[in-house]
Amino acid sequence: MNSATLLSFLALDLLLVCVPGADWAYVIAAGVRGRSVSRAVGGLVAGYALHTALAVAGLAVLVASSPGLLTALTVAGAGYLVWLGWSVLRRPMAPEADASQRSGGLFLRGAAISGLNPKGLLLYLSVLPQFLVTRGTHPPVAAQTAVLGLLHMACCAVVYLTVGVTARALLAARPTAARAVSRTSGAAMLGIGAFLLAQHAL
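What follows is the structure in structure tokens.
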């Protein structure tokens, strides 16, 4: 695996990570609700670490070849997003108003969101394999998969920390705006989840 391949993957991965979705909505909600952004992001990254471990072990191929299993994972993730989005909509807190949330809960929620995120599944099942080199004198596929997975996790950590910290800094002294952004984040999670559920119901 050469530097050109790694740079190509990094460029595409950054593009995907920078597209707002469930991960963005979660980390923004954590920031404006006065919670630990680093814990929330750590949970999201942990979910992608699980994806990476499964891909290295070859289980991602099994999931990709089992439409029923892939659908079940997607539906579970969509249902969780709907529940989480509704929870945020019901209590759109301003900064520091809900800082009592246990950091362990933030971490586990983040891991569940990214672990079941359909966009993450798409990356590991469809995009990442295109950058694996199977001919010539290259590292084993498992090692290449691990490197690309670690790159993705690093991109997520940098982008999501930036998003969460920026949201908190801009909205810390604006409780009304913070509530509006919190509601928007909740609506985004609920909408993404509902859309995915509707897709699989058709």
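In terms of the working numbering, the sequence shown has 491 at position 154, counting the first letter as 1, and numbering is strictly consecutive. Think of the CB as a built atom: it goes at the ideal place given N, C-alpha and C, for glycine as much as any other residue. Treat the numbers as computed from the prediction; the structure is a model and nothing was measured.
| Can at least three beta-carbon pairs, one atom from the region 415 to 426 and one from the region 383 to 392, be found at a separation below 8 Å? | A contact is defined here as three or more CB-CB pairs under 8 Å, and the region 415 to 426 fails this definition with respect to the region 383 to 392.
| query | Should residue 352 go down as buried or exposed, given a rule of 16 or more other Cβ atoms within 10 Å for buried? | reply | Under this definition residue 352 is an exposed residue.
| query | Is it right to say residue 436 is buried, meaning 16 or more other beta carbons lie within 10 angstroms of its own, or is it exposed? | reply | Residue confidence for residue 436 is low, a pLDDT of 45 falling below 50, so the modelled location carries little weight; the figure read from the coordinates is stated next. Per the 10 Å Cβ criterion, exposed.
| query | residue 451 and residue 381 look like a contact to me (Cβ under 8 Å); what is the Cβ gap, rounded to whole Å? | reply | The C-beta distance from residue 451 to residue 381 rounds to 4 Å, short enough to fall under 8 Å.
| query | Got a sec, what are the start and stop residues for the alpha helix (DSSP H) residue 394 sits in? | reply | Per DSSP, residue 394 belongs to no alpha helix (DSSP H) and is neither H nor E.
| Taking the alpha carbon of residue 502 as the point to measure from, which residue in 376, 340, 348 and 345 has its own alpha carbon closest? | Comparing Cα-Cα distances from residue 502 to each of 376, 340, 348 and 345, the minimum goes to 376.
| query | Taking the Cβ atom as the reference point for each residue, do residue 457 and residue 363 lie within a distance shorter than 8 Å? | reply | Contact: no.
| query | Thinking C-alpha only, which one of 463, 408 and 494 is nearest residue 361? | reply | Closest option to residue 361, Cα to Cα, is 494.
| To which residues of the same chain is residue 421 closer than 6 Å at the C-beta, ignoring the five residues directly before and after it? | Closer than 6 Å at the Cβ level, and outside the excluded window around residue 421, lie 526.
| query | Between which two residues does the alpha helix (DSSP H) containing residue 489 stretch? | reply | Residues 478 to 508.
| request: Please confirm whether residue 383 and residue 483 have their CB atoms less than 8 Å apart. | output: Residue 483 sits away from residue 383, with the two beta carbons spaced by 8 Å or more.
| message | Between the alpha carbons of residue 446 and residue 521, how many angstroms are there, rounded? | response | Between residue 446 and residue 521, the C-alpha separation is close to 18 Å.
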